[in-house]
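Reading through the structure tokens given below for one structure.
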Amino acid sequence: MQKLPITRSEPDEHGHWGKFGGRYVPETLVAPLEALTKEFSRARNDSDFWRELSQLLCDYCGRPTPLFHAQRLTAHAGGAQIYLKREDVLHTGAHKINNAMGQALLARRMGKRRIIAETGAGQHGVATATVCALFGMRCIIYMGAEDMRRQALNVFRMRLLGAEVVTVHAGARTLKDAINEALRDWVAHVHDTYYLLGSALGPHPYPLMVREFQRVIGREAREQILSATGKLPRVLIACVGGGSNAIGLFHPFISDESVRLIGVEAGGHGKSLGQHAARFHNGAASGGGRVGVLQGTMSYILQDESGQIPTTHSISAGLDYAAIGPEHAFLHDSGRAEYIYASDAEALEGFSVCAELEGIIPALESSHAIMPAIRIAHELPRHAAIVVNLSGRGDKDVQLVAELQTQ
Ligand SMILES: *Cc1c(COP(=O)(O)O)cnc(C)c1O
Numbered sequence: 160m161q162k163l164p165i166t167r168s169e170p171d172e173h174g175h176w177g178k179f180g181g182r183y184v185p186e187t188l189v190a191p192l193e194a195l196t197k198e199f200s201r202a203r204n205d206s207d208f209w210r211e212l213s214q215l216l217c218d219y220c221g222r223p224t225p226l227f228h229a230q231r232l233t234a235h236a237g238g239a240q241i242y243l244k245r246e247d248v249l250h251t252g253a254h255k256i257n258n259a260m261g262q263a264l265l266a267r268r269m270g271k272r273r274i275i276a277e278t279g280a281g282q283h284g285v286a287t288a289t290v291c292a293l294f295g296m297r298c299i300i301y302m303g304a305e306d307m308r309r310q311a312l313n314v315f316r317m318r319l320l321g322a323e324v325v326t327v328h329a330g331a332r333t334l335k336d337a338i339n340e341a342l343r344d345w346v347a348h349v350h351d352t353y354y355l356l357g358s359a360l361g362p363h364p365y366p367l368m369v370r371e372f373q374r375v376i377g378r379e380a381r382e383q384i385l386s387a388t389g390k391l392p393r394v395l396i397a398c399v400g401g402g403s404n405a406i407g408l409f410h411p412f413i414s415d416e417s418v419r420l421i422g423v424e425a426g427g428h429g430k431s432l433g434q435h436a437a438r439f440h441n442g443a444a445s446g447g448g449r450v451g452v453l454q455g456t457m458s459y460i461l462q463d464e465s466g467q468i469p470t471t472h473s474i475s476a477g478l479d480y481a482a483i484g485p486e487h488a489f490l491h492d493s494g495r496a497e498y499i500y501a502s503d504a505e506a507l508e509g510f511s512v513c514a515e516l517e518g519i520i521p522a523l524e525s526s527h528a529i530m531p532a533i534r535i536a537h538e539l540p541r542h543a544a545i546v547v548n549l550s551g552r553g554d555k556d557v558q559l560v561a562e563l564q565t566q
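When we follow the working numbering, the leftmost residue of the sequence shown carries the number 160, and every step to the right adds one.
Listed below in structure tokens is the structure:
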């Protein structure tokens, strides 16, 4: 059957994009999620809310971020003009602050003074601790013991910002286990606690809400590329962990059918389960990414034959997760967006190429999009443009890369 082209991507009132998304949670969380959905809908239609958020994003976070014409990368690729959307220049170093700021304002509207969050690499934890310091809110961050060991500097940063970091010893002691612990906390303290989720994941309304807070990336990029080139880009490309920076860039272009949307997953260091985090690229045959439910939402999830969630691997902690946000699952199945993957080695190459040719050290997450962008640009004419989302800066990764180079 021929598929109709997708020109919009909005969930129904229960947060379903087709079969994806929804709200698969214990009974005790239904009422608080319902209250959150109501408050978010009110805020979404309140121009005062958006005005205050824009002001903070501008004065405190550093928006609008530049759209930079990367001329040496362009010459290196030998094709389309490459533009970098510079989310890396934001306060705290990545796009995550856009969402943390939006949700903190929402928590304040709801009268909640205790904020909980979970973090893998620590980037979302740092963004959350930052906005909590700004608003004088109590902040508790759940983090796996293994991640705390790997990301000691971010743990110290969160503590400097006044947050309490709680060590999670369960399971593999990484992100998935930290999320379980945060959900448990929320169940026990719903009356005064706000759960500040870090990506376009989890039960409704989080995937929609996080997208709405990250859409500013695509709205700015659309205006900036139109004013720089007078036309729409041919391609948008972004790395995909849970999917928030990618959906933030893609969404304002969904109805522009001529614009290709390309998400890059973490290909890790092999194709077997456990060696990567490419949810769309390890089909049922090898027991990899299949439709299922994880942590409140239906999407593509890496799982073994019996539905157990395996450990995942990526050189970048921010892409190292078994599930992808439900809206991406919908865009994938509908054919509106394409998903490819880049290996750890390609990410390291992209990291160096971007540093050497443009003087910009990107986060290892963002680095996954660089080599694919060069390949795609090479196949396009010079008058075409391609926008790469530079979701974060690489300061946090310099030590890891240095260790790998001396091995
Ligand atoms: C967390 C993170 C990501 C991955 O999260 P998404 O929700 O997929 O955007 C990507 N880049 C950076 C720099 C991050 O910190």
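Ideal placement from N, C-alpha and C gives every residue a C-beta, glycine not left out. The structure presented is a predicted model; accordingly, all values stated were derived computationally and were not measured.
Cβ-based burial, residue i [other Cβ within 10 Å; buried from 16]
| i | result |
| --- | --- |
| VAL189 | exposed |
| ALA236 | buried |
| ALA443 | The predicted position of ALA443 is uncertain, since its pLDDT is 46 and thus under 50; no value can be drawn from it. |
| GLY494 | exposed |
| ASP218 | exposed |
| SER417 | exposed |
| ASN258 | buried |
| LEU563 | exposed |
| LEU461 | buried |
| SER550 | buried |
| SER414 | exposed |
| VAL375 | buried |
| ASP207 | exposed |
| LEU215 | buried |
| VAL327 | buried |
| ARG343 | exposed |
| ARG182 | buried |
Enclosing alpha helix (DSSP H) for residue i [first to last residue]
| i | result |
| --- | --- |
| ARG309 | 304-309 |
| GLN566 | Per DSSP, GLN566 belongs to no alpha helix (DSSP H) and is neither H nor E. |
| GLY221 | From DSSP, GLY221 is part of no alpha helix (DSSP H); its letter is neither H nor E. |
| LEU232 | 230-236 |
Euclidean distance between Cα positions of residue i and residue j
| i | j | result |
| --- | --- | --- |
| HIS491 | CYS398 | 14 Å |
| VAL547 | ASP463 | 33 Å |
| ARG308 | MET302 | 10 Å |
| GLU382 | THR187 | 43 Å |
| GLY477 | THR471 | 12 Å |
| GLY466 | PRO185 | 19 Å |
| ASN339 | ALA543 | 45 Å |
| VAL557 | THR278 | 20 Å |
| LEU212 | PRO223 | 13 Å |
| ARG201 | VAL560 | 45 Å |
| ARG267 | ASP479 | 31 Å |
| MET160 | VAL325 | Any answer about MET160 is weak, because its pLDDT of 48 lies below 50 and its placement is not dependable; what the coordinates show is given next. Going by the C-alpha atoms only, they are around 51 Å apart. |
| SER526 | LEU232 | 13 Å |
| SER475 | HIS350 | 35 Å |
| GLU371 | ASN204 | 12 Å |
| GLY433 | VAL450 | 17 Å |
| LYS430 | GLU505 | 15 Å |
| PRO411 | ALA311 | 37 Å |
| GLY400 | LEU523 | 12 Å |
| ALA405 | GLY330 | 29 Å |
| PHE179 | THR565 | 44 Å |
| ASP306 | LEU264 | 28 Å |
N- and C-terminal bounds of the beta strand (DSSP E) containing residue i
| i | result |
| --- | --- |
| ILE396 | 394-398 |
| GLY571 | This structure leaves residue 571 out entirely; the chain is present only between 160 and 566. |
| HIS250 | Note, HIS250: premise wrong, no beta strand (DSSP E); not H, not E. |
| ILE406 | It is not in any beta strand (DSSP E) - ILE406 instead sits in the alpha helix (DSSP H) that spans 403-409. |
| ARG449 | 448-453 |
| SER458 | 456-461 |
Residue i beta carbon near ligand 3 (any heavy atom closer than 7 Å)
| i | result |
| --- | --- |
| LYS430 | Among the ligands in the structure shown, ligand 3 does not appear; only ligand 1 can be found there. |
| Touching by the beta-carbon criterion (3+ pairs, under 8 Å), the region 391-400 and the region 520-538 | Put simply, the region 391-400 touches the region 520-538. At least three CB pairs are less than 8 Å apart.
| said: For the region 282-295 against the region 224-240, do three or more pairs of beta-carbon atoms, one drawn from each stretch, fall closer than 8 Å, so that the two count as touching? | reply: The way I'd put it, the region 282-295 doesn't touch the region 224-240; fewer than three beta-carbon pairs between them come closer than 8 Å.
| request: Write down every uninterrupted run of the alpha helix (DSSP H) in the region 482-561 whose length is 4 residues or greater and which is fully enclosed by it, in chain order. | output: The DSSP assignment places complete alpha helix (DSSP H) segments of no fewer than 4 residues inside the region 482-561 at 485-493, 503-517, 523-526, 529-537, in order along the chain.
| said: Does the region 498-506 come into contact with the region 415-433, if we say contact requires no fewer than three beta-carbon pairs (one atom in each stretch) closer than 8 Å? | reply: The region 498-506, when compared against the region 415-433, does touch it at the 8 Å Cβ threshold.
| said: Which runs of the alpha helix (DSSP H) at least 4 residues long sit entirely within the region 169-217? Give them in chain order. | reply: Considered as a whole, the region 169-217 harbours 189-203, 206-215 as its complete alpha helix (DSSP H) runs of no fewer than 4 residues, in chain order.
| said: Tell me whether the region 161-181 and the region 358-367 touch, counting them as touching only if at least three CB pairs, one residue from each stretch, are closer than 8 Å. | reply: The region 161-181 vs the region 358-367: in contact.
| query | Any chance the region 512-526 sits against the region 237-247, with 3 or more Cβ pairs inside 8 Å? | reply | When C-beta atoms of the region 512-526 are compared with those of the region 237-247, three or more pairs fall below 8 Å, so the two segments count as touching.
| task | Scan the region 253-338 and note each continuous alpha helix (DSSP H) run of 4 residues or more that stays entirely inside, going in chain order. | result | Here the runs fully enclosed are 255-268, 282-294, 304-309, 311-319.
| Ordered list of alpha helix (DSSP H) runs contained in the region 342-388, each at least 4 residues | Annotation note: the region 342-388 contains the following uninterrupted alpha helix (DSSP H) runs of length 4 or greater, listed N- to C-terminal: 365-388.
| request: Give a yes or no on contact between the region 246-253 and the region 193-212, applying the rule of three or more CB pairs nearer than 8 Å. | output: Short answer: they don't touch.
| message | Quick test of the definition: if touching needs 3 or more C-beta pairs under 8 Å, does the region 481-489 touch the region 349-361? | response | Yes: at least three Cβ pairs fall under 8 Å.
| query | Just checking, does the region 312-322 make contact with the region 333-350 on the three C-beta pairs under 8 Å criterion? | reply | Fewer than three Cβ pairs drawn from the region 312-322 and the region 333-350 lie within less than 8 Å of each other, which leaves the two stretches out of contact.
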